[in-house]
Amino acid sequence: MRMRKPPPLTSDSMSNPSSGHPVVLNEDKRRFEANVDGSLAVAEFIKTKDKLILTHTEVPPALSGKGIASLLAKTALQYARSSGLRVMPLCPFMAGYMARHPEWESLLVPGINVA
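Residue 116 in the numbering used here is what sits at position 110 of the sequence shown, and the numbering runs on without skipping anything.
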């Protein structure tokens, strides 16, 4: 199983910077993973030659409201940017995150609007 850390995160990379939960890229399962207190939150994707298609984000109820989904989103977007990929957010959470954070707009696949 190939797992590696995506590009480093800074303290402003999540809505709860004090939590310090690491996110790893699990390439075999095509998802970003955050294991927090024994619970696994994931952001699933499909990667093509030039796109990162964000398909599903799942955070267990016990982790809800702790900024974990936002951390997964930012990590996925940082990965896309550093890899030169465009983003297609099919997942409603990811699309909403991008709409709330216009600094990621330049990554959108041309013709995709999240506003």
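All residues carry an ideal CB built from backbone N, CA and C; glycine is no exception.
Inset, instruction - Have a look at D56, T61, L69 and flag the residue whose alpha-carbon is nearest the alpha-carbon of S45. - result: L69
Legend entry - Whole-angstrom distance between V93 and R87, CA atom to CA atom: 9 Å
Inset, instruction - Could you please give the first and the last residue of the uninterrupted alpha helix (DSSP H) stretch that includes A86? - result: 74-89
Legend entry - Closest Cα partner of T54 within the set N119, G102, G90: G90
Inset, instruction - Taking P95 as part of the beta strand (DSSP E), name the residues at either end of that continuous run. - result: 92-95
Legend entry - From A82, T63, A47, L77, residue whose alpha carbon lies closest to that of K57: A82
Inset, instruction - Compute every distance between the C-beta of V65 and the non-hydrogen atoms of the ligand HEM, then say whether any falls below 6 Å. - result: This structure simply doesn't include the ligand HEM, nor any ligand for that matter.
Legend entry - Classification of P67 by the beta-carbon crowding that lies within 10 angstroms, buried from 16 upward: exposed
Legend entry - Cα-Cα separation, P13 to A105: The predicted position of P13 is uncertain, since its pLDDT is 47 and thus under 50; a value taken from the coordinates is nonetheless stated next. Computed Cα separation, rounded: 22 Å.
Inset, instruction - Put L113 into one of helix, strand or coil per three-state DSSP. - result: helix
Legend entry - Closer than 7 Å to chain D by CB, C97: Of the chains in the structure shown, none is chain D; there is only one protein chain.
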